[in-house]
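Following: one structure in structure tokens, then a few remarks.
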Amino acid sequence: MLVIKAKNELITVLNSLKTGTKKIGFIPTMGALHLGHASLIAQSKKDNDISVVSIFVNPTQFLPHEDLSKYPRPLEADLAVCEKLGVDVVFLPSVEEMYEKDPIKVSAPKFMGYVFEGFLRPGHFDGVLTIVLKFFNLILPDNAYFGKKDAQQLLMIQKMVKSLNLPINVIGMPLIRDKDNLAFSSRNVYLSKEGRKDALCLSAALFTIEERVKKGIKDVEALKKGALESLSEVYVEYFEFVDKELHITTKLEDSIVIAVIRVENIRLLDNLWISDIMDKGRCV
Ligand code: AMP
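Numbering (my numbering), first residue to last: 3 to 286.
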């Protein structure tokens with residue numbers, strides 16, 4: 003496994019590795035790798051000849067009050083995970099390597115970029131899209147892997163690829179959960195034992211929706227009401243059924259339930275892609 007810090011070196015190495023019809027798979031991460039990240043890497047290994055993982059805590063997607071310096075950075079453990087999973091190249095740039103002074107940026111769409119996560123964290127998606135485009139241009143992957151856990155991010159990256167005509171296949175991967183059903187997240191380490199227990203009401207609420215949908219219930223208002231009742235003990239930032247353009251919808255088919263709760267002041271994201279339940283043909 004090659005660990006590369008400089009853009010020029012990355013370009014040279016990928017040029018030499020990518021001979022003939024070899025395919026490159028790319029998995030952008032901010033590190034603190036867990037089984038969610040591992041699932042993306044495993045899929046890339048299956049689909050491609052070369053798998054590139056970036057580990058970069060991107061400052062431009064943090065708001066001034068969000069503590070960038072506190073983001074977990076267990077680099078040695080992350081590299082060991084990548085090695086074990088058979089990653090070919092880890093790209094580990096510094097902030098200076100990725101950003102020049104007064105840089106050109108990508109603007110997130112005015113609607114999709116400023117609702118839900120984008121409303122609570124204005125400018126966040128400009129930072130996300132900018133860094134992802136920079137990585138895409140350096141790595142020129144055939145396939146890029148993103149988690150459905152970050153639904154709003156995934157939908158906007160798909161939109162960016164379409165809007166800017168990027169010849170990259172964006173693959174959305176299922177949300178991976180820990181044994182107790184808490185969605186894997188680098189932020190989970192900040193939860194106390196008690197907080198973690200409290201947080202489980204969110205996955206439970208989503209599972210209840212899944213079960214009810216499988217039983218044939220299609221009334222979005224009723225599904226949402228039931229879920230919110232079961233979340234009454236925690237602070238809910240948002241909990242909505244949305245369509246793929248992030249408009250709130252009452253049409254169940256193809257919707258996504260997106261949710262964030264805050265426990266011990268930690269924001270916990272989770273979601274349910276109704277289309278996935280329907281696709282599996284498990285719906286009555
Ligand atoms: P991050 O390091 O948090 O920026 O995440 C890197 C990638 O891993 C993103 O595409 C995330 O959506 C994805 N990811 C994070 N957590 C999970 C999870 N629990 N299941 C699946 N993918 C995830």
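Every residue, glycine too, gets a C-beta built ideally from N, C-alpha and C. Treat the numbers as computed from the prediction; the structure is a model and nothing was measured.
When you get a sec, list the residues whose CB is within less than 6 Å of any heavy atom of the ligand ATP, chain order please.
-> The ligand ATP is not among the ligands present in this structure, which contains only the ligand AMP.
Taking residue 5 as the reference, which of 92, 75, 46 and 282 has the closest Cα?
-> Counting from one through the sequence shown, the residue named residue 5 turns up at place 3. Closest by C-alpha distance to residue 5, out of 92, 75, 46 and 282, is 92.
Out of 257, 117 and 33, point me to the one whose CA is closest to residue 278's CA.
-> The sequence position of residue 278 within the sequence shown is 276, counting from 1. Nearest of 257, 117 and 33 to residue 278, Cα basis: 257.
Any 3 or more C-beta pairs closer than 8 Å across the stretch 65-76 and the stretch 171-186 | no
Is the Cβ-Cβ distance between residue 211 and residue 225 less than 8 Å?
-> Looking up residue 211 in the sequence shown gives position 209. Looking up residue 225 in the sequence shown gives position 223. A contact, by the Cβ cut-off of 8 Å.
Going straight from the alpha carbon of residue 134 to that of residue 157, what length do you get?
-> The residue labelled residue 134 in the question sits at position 132 within the sequence shown. The residue labelled residue 157 in the question sits at position 155 within the sequence shown. When rounded, the separation of the alpha-carbon atoms in residue 134 and residue 157 is 13 Å.
Considering only residues of the same chain and omitting the five flanking positions on each side of residue 107, which have a CB-CB separation below 7 Å?
-> Residue mapping note: residue 107 aligns to position 105 of the sequence shown, counting from 1. Contacts found: 128 and 132.
From which residue to which residue does the beta strand (DSSP E) around residue 149 run?
-> In the sequence shown, the residue the question calls residue 149 occupies position 147. Here the beta strand (DSSP E) through residue 149 covers 145-149.
Per DSSP, which residues does residue 174 bridge with? Please list them.
-> Against the sequence shown, residue 174 aligns to sequence position 172. The partner list for residue 174 (beta bridge, DSSP) reads 148.
Bounding residues of the alpha helix (DSSP H) (the contiguous stretch that carries residue 298) | Outside the modelled stretch of the chain, which goes from 3 to 286, sits residue 298, for which no answer is possible.
Simplified DSSP state of residue 33, which is helix, strand or coil = Sequence index remark: in the sequence shown, residue 33 carries index 31 (1-based). Coil, per DSSP.
Between which two residues does the alpha helix (DSSP H) carrying residue 289 extend?
-> Only positions 3 to 286 of the chain appear in the structure, and residue 289 is not among them; the question remains open.
Starting from the Cα of residue 112, find the closest Cα among 101, 124 and 104 and give me that residue.
-> In the sequence shown, counting from the first residue as 1, residue 112 sits at position 110. Nearest option by C-alpha distance: 124.
Short CB-CB distance (under 8 Å) between residue 214 and chain C | In the structure shown, chain C does not exist; there is a single protein chain.
Just mark residue 46 as buried or exposed, buried being the case when its beta carbon has 16 or more other beta carbons within 10 Å.
-> Within the sequence shown, residue 46 is the residue found at index 44, counting from 1. Its Cβ being crowded by 16 or more others within 10 Å, residue 46 is buried.
Cβ separation of residue 161 and residue 114, assumed to be a contact under 8 Å, to the nearest whole Å | Position 159 of the sequence shown, counted from the first residue, corresponds to residue 161. Position 112 of the sequence shown, counted from the first residue, corresponds to residue 114. Contact holds; Cβ gap of about 7 Å.
Straight-line Cα distance separating residue 50 from residue 2 = Since the first residue shown for the chain is 3 and the last is 286, residue 2 is missing from the structure and cannot be characterised.
For residue 65, the three-state DSSP class (helix, strand or coil) = For this step, residue 65 is matched to residue 63 along the sequence shown. Coil.
For residue 32, which residues of its own chain have a beta-carbon under 8 Å away from its beta-carbon, when the five flanking residues on both sides are left out?
-> Within the sequence shown, numbered from 1, the residue matching residue 32 stands at position 30. So the qualifying residues of the chain are 57, 58, 59, 60, 73 and 188.
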